[in-house]
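Here the structure is laid out as structure tokens; the discussion comes afterwards.
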Amino acid sequence: MLNTGRFFRRNHFCKAALIAAFAPFSLSAAPLPDNAKIDFEFELPKIDTSMYARPYVAVWVENDQRKPVKTIQLWVGKDEWLKDLRSWWRKAGRYDRELVDAVTSATRPAGQYRFVWDGTNDAGKRLEQGNYTLYVEVVREHGGRNYLRQKITLADSEVRYELKPTQETGVITVNYQVK
Numbered sequence: 162m163l164n165t166g167r168f169f170r171r172n173h174f175c176k177a178a179l180i181a182a183f184a185p186f187s188l189s190a191a192p193l194p195d196n197a198k199i200d201f202e203f204e205l206p207k208i209d210t211s212m213y214a215r216p217y218v219a220v221w222v223e224n225d226q227r228k229p230v231k232t233i234q235l236w237v238g239k240d241e242w243l244k245d246l247r248s249w250w251r252k253a254g255r256y257d258r259e260l261v262d263a264v265t266s267a268t269r270p271a272g273q274y275r276f277v278w279d280g281t282n283d284a285g286k287r288l289e290q291g292n293y294t295l296y297v298e299v300v301r302e303h304g305g306r307n308y309l310r311q312k313i314t315l316a317d318s319e320v321r322y323e324l325k326p327t328q329e330t331g332v333i334t335v336n337y338q339v340k
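Counting in this note's numbering, the sequence shown runs from 162 upward without gaps.
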């Protein structure tokens, strides 16, 4: 009987050749289903203060290697205030001026908001099924700073996530739908 364990321990070249030969057959992640979408319900609470300013908001997604793949929403009054969204700015904002121009919209008053993400990355390609992290950063001048994160799994089955309210946000609901 052939002792393959001893053979491969001594023959590193053979081991490397086998790995290279079977690498093309490794499983790659499937893209998100074409009909998948992520529905967000987002609340900015009314805060009673004499110095109220509308908050700056960034909502983005990172892959499991902590690389930003999509900036979903960016609410900022002026470009000079982008840096106040510190975490988003360090991860994505300072590197891609065209992205900032494409996704930025005005700040919003207190109220309920809803938006939908189609599961594409910043380049417009479908993401692969897998584990991601959703980030929500909310900063208000003369007010608070909240940084929320939620691990999410995007696959073939629907799932709902709920982020607890903070000083600057109400409940945030994330519905991943595959219909």
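The beta carbon of each residue, even a glycine, is placed where N, CA and C say it ideally should be.
A quick note: this is a predicted structure, and the numbers were derived from the prediction, not measured.
Sequence-distant residues of its chain with Cβ nearer than 7 Å to residue i (five each side left out)
i: V229; result: Here residue 229 is Pro; the residue named in the question, Val, does not match the sequence. W221, E223, K252, A253.
i: E319; result: Y337, Q338, V339
i: R269; result: L205, R215, W236
Residue i and residue j closer than 8 Å at C-beta
i: T232; j: D279; result: no
i: L288; j: T294; result: no
i: V261; j: L243; result: yes
i: L246; j: V335; result: no
i: I208; j: G304; result: yes
i: A285; j: L315; result: Reading off the sequence, residue 285 comes out as Gly, not Ala. Their beta carbons are not under 8 Å apart, which means G285 does not touch L315 by this criterion.
i: S248; j: Y322; result: no
i: D317; j: P194; result: yes
i: I333; j: L324; result: yes
Buried versus exposed, by CB contacts within 10 Å (16 or more), residue i
i: R310; result: exposed
i: Y217; result: buried
i: E298; result: buried
i: F183; result: In this predicted model, F183 has a pLDDT of only 48, less than 50, meaning its place in the structure is not dependable; the value taken from the coordinates is given anyway. By the neighbour-count rule (16 or more Cβ atoms within 10 Å), F183 is not buried but exposed.
i: E259; result: exposed
i: E241; result: exposed
Helix, strand or coil at residue i [DSSP, three-state]
i: R301; result: coil
i: V261; result: helix
i: E241; result: helix
i: G272; result: strand
i: S266; result: strand
Other residues of its chain near residue i: CB distance less than 8 Å, five sequence neighbours each side excluded
i: V277; result: K198, I199, D200, F201
Close-in-space but distant-in-sequence residues of the same chain around residue i (CB under 6 Å, 5 per side omitted)
i: G238; result: T268
i: G331; result: E204, P206
i: E302; result: A214
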